[in-house]
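One structure below.
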Amino acid sequence: MIELAPKHKYGLPIQHPVMPAAGVFGFGNEYHDLIDETVLGAVVTNPVSLHARKAARGPRFMTHGDHFLVHTGLPNPGLKRVLKEHRATWARRSLPTIVHLIATTPPEVAQAAQLLSGIQGVAGLELGLDDGAEVEAACAFLEAAREGHHPILVRIPFGDIYPLAEALAECGADALTLTAPPRARLPLAPDTEHDTEGLLLAKGRLYGPALMPLLLHQLARWIPRLAVPVVACGGITTTDAARACLELGAAAVQIDAVMWKRPNLLTEIAKELSNE
Amino acid sequence: MIELAPKHKYGLPIQHPVMPAAGVFGFGNEYHDLIDETVLGAVVTNPVSLHARKAARGPRFMTHGDHFLVHTGLPNPGLKRVLKEHRATWARRSLPTIVHLIATTPPEVAQAAQLLSGIQGVAGLELGLDDGAEVEAACAFLEAAREGHHPILVRIPFGDIYPLAEALAECGADALTLTAPPRARLPLAPDTEHDTEGLLLAKGRLYGPALMPLLLHQLARWIPRLAVPVVACGGITTTDAARACLELGAAAVQIDAVMWKRPNLLTEIAKELSNE
Amino acid sequence: MIREQVAVFREARPEPPLWWVRFEVSVPPAAGRFMLADLAGPVRIPLFAAAIDPTGFAIMAPPGHPATHLLPGARVAMLGPLGKGFRIENQQRLLVITEAGRLPPLLPLLTSTATTTLVVEAATRARLPSLHRIPPTVELHTITHDGSAGHTGTLEQLLDADSPVRESLRWADCACFSCEPARYPALARSVRRARMHPSADFAQALIEVTMPCGAGACEVCRIQTRSGERRACSDGPVFDLLELDTDG
Amino acid sequence: MIREQVAVFREARPEPPLWWVRFEVSVPPAAGRFMLADLAGPVRIPLFAAAIDPTGFAIMAPPGHPATHLLPGARVAMLGPLGKGFRIENQQRLLVITEAGRLPPLLPLLTSTATTTLVVEAATRARLPSLHRIPPTVELHTITHDGSAGHTGTLEQLLDADSPVRESLRWADCACFSCEPARYPALARSVRRARMHPSADFAQALIEVTMPCGAGACEVCRIQTRSGERRACSDGPVFDLLELDTDG
Ligand SMILES: Cc1cc2nc3c(=O)[nH]c(=O)nc-3n(C[C@H](O)[C@H](O)[C@H](O)COP(=O)(O)OP(=O)(O)OC[C@H]3O[C@@H](n4cnc5c(N)ncnc54)[C@H](O)[C@@H]3O)c2cc1C
Ligand SMILES: Cc1cc2nc3c(=O)[nH]c(=O)nc-3n(C[C@H](O)[C@H](O)[C@H](O)COP(=O)(O)OP(=O)(O)OC[C@H]3O[C@@H](n4cnc5c(N)ncnc54)[C@H](O)[C@@H]3O)c2cc1C
Ligand SMILES: Cc1cc2nc3c(=O)[nH]c(=O)nc-3n(C[C@H](O)[C@H](O)[C@H](O)COP(=O)(O)O)c2cc1C
Ligand SMILES: Cc1cc2nc3c(=O)[nH]c(=O)nc-3n(C[C@H](O)[C@H](O)[C@H](O)COP(=O)(O)O)c2cc1C
Ligand code: FES
Ligand code: FES
Numbered sequence: 040m041i042e043l044a045p046k047h048k049y050g051l052p053i054q055h056p057v058m059p060a061a062g063v064f065g066f067g068n069e070y071h072d073l074i075d076e077t078v079l080g081a082v083v084t085n086p087v088s089l090h091a092r093k094a095a096r097g098p099r100f101m102t103h104g105d106h107f108l109v110h111t112g113l114p115n116p117g118l119k120r121v122l123k124e125h126r127a128t129w130a131r132r133s134l135p136t137i138v139h140l141i142a143t144t145p146p147e148v149a150q151a152a153q154l155l156s157g158i159q160g161v162a163g164l165e166l167g168l169d170d171g172a173e174v175e176a177a178c179a180f181l182e183a184a185r186e187g188h189h190p191i192l193v194r195i196p197f198g199d200i201y202p203l204a205e206a207l208a209e210c211g212a213d214a215l216t217l218t219a220p221p222r223a224r225l226p227l228a229p230d231t232e233h234d235t236e237g238l239l240l241a242k243g244r245l246y247g248p249a250l251m252p253l254l255l256h257q258l259a260r261w262i263p264r265l266a267v268p269v270v271a272c273g274g275i276t277t278t279d280a281a282r283a284c285l286e287l288g289a290a291a292v293q294i295d296a297v298m299w300k301r302p303n304l305l306t307e308i309a310k311e312l313s314n315e
Numbered sequence: 040m041i042e043l044a045p046k047h048k049y050g051l052p053i054q055h056p057v058m059p060a061a062g063v064f065g066f067g068n069e070y071h072d073l074i075d076e077t078v079l080g081a082v083v084t085n086p087v088s089l090h091a092r093k094a095a096r097g098p099r100f101m102t103h104g105d106h107f108l109v110h111t112g113l114p115n116p117g118l119k120r121v122l123k124e125h126r127a128t129w130a131r132r133s134l135p136t137i138v139h140l141i142a143t144t145p146p147e148v149a150q151a152a153q154l155l156s157g158i159q160g161v162a163g164l165e166l167g168l169d170d171g172a173e174v175e176a177a178c179a180f181l182e183a184a185r186e187g188h189h190p191i192l193v194r195i196p197f198g199d200i201y202p203l204a205e206a207l208a209e210c211g212a213d214a215l216t217l218t219a220p221p222r223a224r225l226p227l228a229p230d231t232e233h234d235t236e237g238l239l240l241a242k243g244r245l246y247g248p249a250l251m252p253l254l255l256h257q258l259a260r261w262i263p264r265l266a267v268p269v270v271a272c273g274g275i276t277t278t279d280a281a282r283a284c285l286e287l288g289a290a291a292v293q294i295d296a297v298m299w300k301r302p303n304l305l306t307e308i309a310k311e312l313s314n315e
Numbered sequence: 003m004i005r006e007q008v009a010v011f012r013e014a015r016p017e018p019p020l021w022w023v024r025f026e027v028s029v030p031p032a033a034g035r036f037m038l039a040d041l042a043g044p045v046r047i048p049l050f051a052a053a054i055d056p057t058g059f060a061i062m063a064p065p066g067h068p069a070t071h072l073l074p075g076a077r078v079a080m081l082g083p084l085g086k087g088f089r090i091e092n093q094q095r096l097l098v099i100t101e102a103g104r105l106p107p108l109l110p111l112l113t114s115t116a117t118t119t120l121v122v123e124a125a126t127r128a129r130l131p132s133l134h135r136i137p138p139t140v141e142l143h144t145i146t147h148d149g150s151a152g153h154t155g156t157l158e159q160l161l162d163a164d165s166p167v168r169e170s171l172r173w174a175d176c177a178c179f180s181c182e183p184a185r186y187p188a189l190a191r192s193v194r195r196a197r198m199h200p201s202a203d204f205a206q207a208l209i210e211v212t213m214p215c216g217a218g219a220c221e222v223c224r225i226q227t228r229s230g231e232r233r234a235c236s237d238g239p240v241f242d243l244l245e246l247d248t249d250g
Numbered sequence: 003m004i005r006e007q008v009a010v011f012r013e014a015r016p017e018p019p020l021w022w023v024r025f026e027v028s029v030p031p032a033a034g035r036f037m038l039a040d041l042a043g044p045v046r047i048p049l050f051a052a053a054i055d056p057t058g059f060a061i062m063a064p065p066g067h068p069a070t071h072l073l074p075g076a077r078v079a080m081l082g083p084l085g086k087g088f089r090i091e092n093q094q095r096l097l098v099i100t101e102a103g104r105l106p107p108l109l110p111l112l113t114s115t116a117t118t119t120l121v122v123e124a125a126t127r128a129r130l131p132s133l134h135r136i137p138p139t140v141e142l143h144t145i146t147h148d149g150s151a152g153h154t155g156t157l158e159q160l161l162d163a164d165s166p167v168r169e170s171l172r173w174a175d176c177a178c179f180s181c182e183p184a185r186y187p188a189l190a191r192s193v194r195r196a197r198m199h200p201s202a203d204f205a206q207a208l209i210e211v212t213m214p215c216g217a218g219a220c221e222v223c224r225i226q227t228r229s230g231e232r233r234a235c236s237d238g239p240v241f242d243l244l245e246l247d248t249d250g
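In order, the protein sequence lines correspond to chains W, B, Y and H.
Numbering of the first sequence is given in the working numbering, commencing with residue 40 and proceeding in unit increments.
Numbering of the second sequence is given in the working numbering, commencing with residue 40 and proceeding in unit increments.
Numbering of the third sequence is given in the working numbering, commencing with residue 3 and proceeding in unit increments.
Numbering of the fourth sequence is given in the working numbering, commencing with residue 3 and proceeding in unit increments.
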């Protein structure tokens with residue numbers, strides 16, 4: 040048993056150290072027929088906000104060798120609609136659901152956290168911050184998320200571990216997810232119509248195998264000085280990499296967008312780790 | 040003509056916007072027979088320190104898909120020996136040589152900068168800082184480097200743009216190189232003897248194509264607020280990527296370790312850009 | 003609910019300007035549905051069938067497509083069939099309207115039992131597809147922008163003018179489109195002008211966008227419809243064309 | 003000063019447990035020198051010749067090596083020949099000492115005009131290389147750790163004991179080694195014990211380390227010698243064995 044929220048009154052115990060990252064698994068049971076959820080520790084939902092959000096305009100996906108950029112704008116139908124469609128799935132599920140909440144504004148986050156408070160199957164919230172969030176703003180979001188009664192994981196942007204991780208642990212985050220994928224840009228083919236800033240560049244978050252060695256470095260540097268559990272996330276595509284995260288002190292690992300290519304990898308890694 | 044050091048009394052004019060990054064081209068004319076240097080703007084030497092440095096122990100190189108980790112410890116025979124062996128090459132070269140100086144201690148950097156002051160062909164110094172350098176320490180290194188009379192480029196570590204870039208521009212850096220490759224770690228095969236910290240992880244700097252989109256994001260974010268020229272460095276492997284850096288406002292680009300695989304790429308990109 | 007299948011690559015042969023690539027698989031995708039294949043690259047690639055048979059399906063892919071680099075007998079992991087395809091059951095008179103380059107995923111429609119009319123648009127004659135994949139029973143209209151073959155103009159112009167193309171739209175029971183998605187709002191309006199009260203699904207349009215997950219998880223494939231955003235991978239990729247008239 | 007060549011891949015055939023892979027190239031690498039080939043992966047891969055002929059060279063590579071995946075006629079960009087190879091000109095009695103798995107880069111030495119003795123060490127008989135690449139004129143001594151073939155023990159033990167292996171070292175004009183680099187300091191001391199005043203380059207050792215650039219630029223290939231750090235790619239990869247005795 041792994042306790043992700045040792046300081047929280049209810050805690051957030053999980054049976055296994057592997058889960059999908061926010062944004063790769065959907066809200067409900069999209070992968071039901073492919074994936075044996077029982078070997079997972081938890082399921083993290085796609086990002087959701089109190090109000091509906093529309094998809095980003097412009098290019099949303101671009102490959103770069105083994106890597107790719109995704110820029111969706113975090114579209115979602117709003118929390119109420121998500122609850123209506125998926126709360127039954129969460130209630131039926133034998134393992135905890137962690138709802139990923141987009142840090143839009145503190146009042147919206149507070150209202151969303153309250154709405155989620157009574158929901159069966161939801162065992163915790165993961166708060167997703169925007170890049171470059173200032174410490175006070177990030178703490179205000181955390182405060183707001185704590186107005187529900189769930190344990191709060193905060194997912195830290197790739198470039199912001201230094202200002203945010205220790206501060207949020209002190210402000211009362213139950214656990215930290217290190218990290219959200221980094222922001223990146225790519226030159227677009229010159230004939231592309233979508234042009235975000237006069238220049239032909241696509242914007243987005245970078246996914247791919249190169250994130251893993253960068254993540255390991257950050258875990259080695261930061262876990263020793265963080266007083267809360269850390270969930271590792273970023274480019275983990277092998278059991279060796281997942282194990283390295285755990286040996287560096289991570290409490291659990293999240294598997295990100297590699298799932299779309301290899302849906303079984305999530306449970307393969309989970310099974311291989313649980314056989315050790 | 041591109042002026043890399045507009046605020047410096049002698050300036051650092053270069054004819055073309057492409058040069059090799061520190062550490063990929065050697066000290067002298069190793070690539071003489073392969074590369075037409077005349078299409079380059081400058082040549083940046085391998086990192087050198089006042090005193091000799093030995094190679095790092097443990098694994099120095101490890102691949103990870105299209106990426107790799109390098110950890111050499113910046114070995115070099117010390118500045119005097121390098122001068123003895125290579126100053127004739129620098130003097131003969133028709134384009135500027137920029138000597139990359141390792142920021143060991145401020146007094147050593149000052150002494151090295153003075154030694155380099157009279158050397159024919161040397162048109163500037165690039166100061167390489169360690170990761171996580173504090174602002175005051177970084178400025179002290181810059182001060183020391185300015186004790187010679189050369190323009191100073193400071194190469195900023197990947198994770199330290201936020202604290203260092205603006206501060207160093209204000210402390211008098213003539214230009215900034217964004218960035219040195221990021222620190223990273225990789226799990227070693229379990230049978231490896233070299234084990235750096237009880238755990239089987241190799242340490243090093245990460246090179247490869249995924250750095251480019253991360254670089255473009257940082258350039259877009261930082262160039263508008265920096266009052267000095269920026270030299271872009273990190274994962275540039277195509278003319279499109281080099282052009283994107285220049286369009287984002289970089290004064291020049293450095294081509295890094297891809298050179299080892301494709302030595303001609305440096306001059307290919309340089310030629311393609313100069314034909315535009 | 004997603005099925006996983008192992009397809010076996012059987013052959014790839016050039017059929018200029020494309021390649022014909024055939025896979026064996028237990029459950030092939032119907033017209034307009036797709037498989038997500040684990041070929042090269044960091045995400046899976048959608049494959050639409052250009053031909054379907056009891057033991058598998060074939061795609062038509064451009065040169066350099068990773069499916070053209072497989073070795074015979076190679077096993078390829080595929081998710082699917084995924085998505086909602088063309089709904090043409092019990093339609094007597096089928097009209098298929100397509101840009102030349104977007105014809106392959108509609109080829110299976112041409113072998114349906116219905117009486118079929120095919121309208122193909124290309125910039126110029128050289129861009130028209132070779133005819134040998136088009137059954138002789140299919141009535142063919144070609145449109146070229148430069149008038150080098152068939153009718154002169156664009157699809158929109160011919161649908162709006164008094165033309166045999168518009169005539170075929172008038173008489174059809176069902177019209178299946180495959181065009182650049184940005185054209186669909188205008189095409190929807192042309193359909194409305196030609197038919198007074200088109201029924202739901204009278205005009206159906208295939209939207210080909212990037213679909214990295216195919217599972218409704220990644221939200222990359224979102225498209226705007228009159229009734230809000232929908233996912234191409236699970237709500238489509240074949241949509242009611244009139245739903246795509248988001249400008250109107 | 004680095005030469006660039008385009009090699010043409012000619013054939014790859016299994017020669018268990020390795021593959022025999024042949025390239026045509028104008029200037030092939032002599033024994034102990036290498037080519038840096040642009041095959042798969044983010045850096046070039048060093049290739050040492052297992053056989054040299056006027057039109058090219060062959061390597062012996064493990065299964066899965068990217069050279070075994072080339073298609074006939076494939077053109078491969080190579081830098082080289084690079085480095086300093088074995089210096090065996092005018093040597094009458096050549097001794098070649100190698101771990102079984104490290105024999106291939108020494109095979110060209112066996113076809114030199116000298117009288118040659120080969121000592122091959124393996125953990126057990128099954129690990130010994132197949133004999134058909136060893137010319138019949140070569141005198142062969144095998145050593146196995148478990149005694150399953152030839153002499154029993156390790157190379158160091160046999161060099162230090164009163165053995166035919168030590169005897170061959172006594173009589174040789176030149177000894178060429180190819181072993182795990184960590185063993186060289188001990189082997190250097192064994193050589194010193196067997197020969198009173200070995201001349202420079204009497205014992206030569208091939209050091210195989212990662213060489214990403216081959217140009218003396220990356221500093222990854224640095225190795226420690228008695229006279230300071232040297233680069234395997236340009237100062238070696240064949241060094242005077244006695245120079246590698248850094249412990250002593
Ligand atoms: C206390 C503090 C600590 C900091 N720590 C760090 C650090 O450790 N590392 C570091 O790199 N920087 C750090 N910064 C710098 C900070 O991240 C940036 O200055 C800040 O993000 C502004 O970004 P930008 O406007 O330059 O560019 P962009 O990131 O391009 O953002 C442009 C604007 O658009 C908004 N925006 C961007 N993307 C979206 C989107 N998808 N949807 C909606 N809005 C969006 C941004 O919020 C911003 O207002 C820190 C800043 C402060 C004040
Ligand atoms: C003002 C300030 C601003 C900062 N800004 C940022 C920021 O923007 N982004 C960010 O990520 N962090 C930032 N930091 C944090 C800082 O980078 C780290 O806390 C610091 O690098 C210490 O690293 P470490 O000891 O945790 O780990 P490591 O990086 O592993 O270093 C361990 C120790 O070994 C030394 N060392 C590491 N590698 C070598 C080597 N190859 N050769 C010799 N010595 C080596 C290091 O100097 C350190 O003492 C900032 C810190 C300060 C004080
Ligand atoms: C207001 C705001 C809130 C955000 N909240 C989240 C979040 O909850 N989870 C997350 O992973 N990223 C969050 N981000 C960062 C987003 O991932 C990113 O900035 C963007 O909105 C969504 O990514 P994309 O638009 O690049 O696809 C937030 C960004 C903004 C602007
Ligand atoms: C004292 C010190 C000085 C450094 N100076 C430089 C430098 O001049 N240039 C540079 O690119 N990196 C510099 N770095 C960062 C190094 O690249 C890196 O930390 C390490 O020393 C060399 O990389 P490696 O050992 O990981 O190969 C310095 C590091 C240290 C500890
Ligand atoms: S392809 Fe991912 S949601 Fe449609
Ligand atoms: S291989 Fe790069 S210096 Fe030797």
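Cβ coordinates follow ideal geometry from the N, Cα and C atoms, glycine included.
None of the values given here were measured: they were computed from a predicted structure.
| said: Which residue marks the beginning of the alpha helix (DSSP H) containing residue 298/B, and which one marks its end? | reply: Translated into the one-based positions of the second sequence, residue 298/B becomes position 259. Where residue 298/B is concerned, the enclosing alpha helix (DSSP H) stretches over 297-300.
| task | Note down the Cα distance separating residue 202/W from residue 218/W, rounded to an integer number of angstroms. | result | In the first sequence, counting from the first residue as 1, residue 202/W sits at position 163. In the first sequence, counting from the first residue as 1, residue 218/W sits at position 179. Cα to Cα, residue 202/W sits roughly 13 angstroms from residue 218/W.
| query | Just to check, is the beta-carbon of residue 214/Y closer than 7 angstroms to a non-hydrogen atom of ligand 5? | reply | Translated into positions along the third sequence, residue 214/Y becomes position 212. For ligand 5, at least one heavy atom lies less than 7 angstroms from the Cβ of residue 214/Y.
| Buried or exposed: which applies to residue 135/W, given that a residue is buried once 16 or more other Cβ atoms fall within 10 Å of its Cβ? | What you label residue 135/W is simply residue 96 of the first sequence in a count that begins at 1. When all chains shown are included, residue 135/W counts as buried.
| query | So, do the segment 165-184 of chain B and the segment 193-209 of chain B have three or more beta carbon pairs nearer to each other than 8 angstroms? | reply | yes
| task | Quick one: which residues of the segment 22-34 of chain H get their C-beta closer than 7 angstroms to a C-beta of chain B? List them in chain order. | result | none
| task | Identify each residue in the segment 109-131 of chain W for which the Cβ-Cβ distance to at least one residue of chain B is less than 8 angstroms, and report them in chain order. | result | none
| query | Based on Cα-Cα distance, which residue from 198/B, 311/B, 244/B and 252/B lies nearest to residue 108/W? | reply | Along the first sequence, read from residue 1 onward, the residue named residue 108/W stands at position 69. Nearest of 198/B, 311/B, 244/B and 252/B to residue 108/W, Cα basis: 252/B.
| request: Taking a Cβ distance cut-off of 8 angstroms, strictly less, list which residues of the segment 71-103 of chain B are near chain H, in chain order. | output: 71, 72, 73, 85, 93, 94, 99, 100 and 102
| request: Taking residue 7/H as the reference, give the member of 38/H, 70/H and 189/H with the closest Cα. | output: On the fourth sequence, position 5 is the one that residue 7/H refers to. The residue with the shortest Cα to Cα distance from residue 7/H is 38/H.
| query | Could you give the uninterrupted runs of the beta strand (DSSP E) lying entirely in the segment 96-160 of chain B, keeping only those of 3 residues or more? | reply | 100-103, 106-109 and 136-141
| field | Euclidean distance between Cα positions of residue 100/B and residue 246/B | value | Walking along the second sequence from the start, residue 100/B turns up at place 61. Walking along the second sequence from the start, residue 246/B turns up at place 207. Their Cα atoms are separated by approximately 11 angstroms.
| message | Beta carbons nearer than 9 angstroms to chain H: which residues of the segment 273-301 of chain B have them? | response | 296, 297, 298, 299, 300 and 301
| request: Examine chain B for any beta-carbon lying closer than 8 angstroms to the beta-carbon of residue 212/H, and answer yes or no. | output: Looking up residue 212/H in the fourth sequence gives position 210. With 8 angstroms as the cut-off, residue 212/H counts as an interface residue toward chain B.
| query | To which residues of the same chain is residue 4/H closer than 8 angstroms at the C-beta, ignoring the five residues directly before and after it? | reply | What you label residue 4/H is simply residue 2 of the fourth sequence in a count that begins at 1. Closer than 8 angstroms at the Cβ level, and outside the excluded window around residue 4/H, lie 81, 82, 84, 216 and 217.
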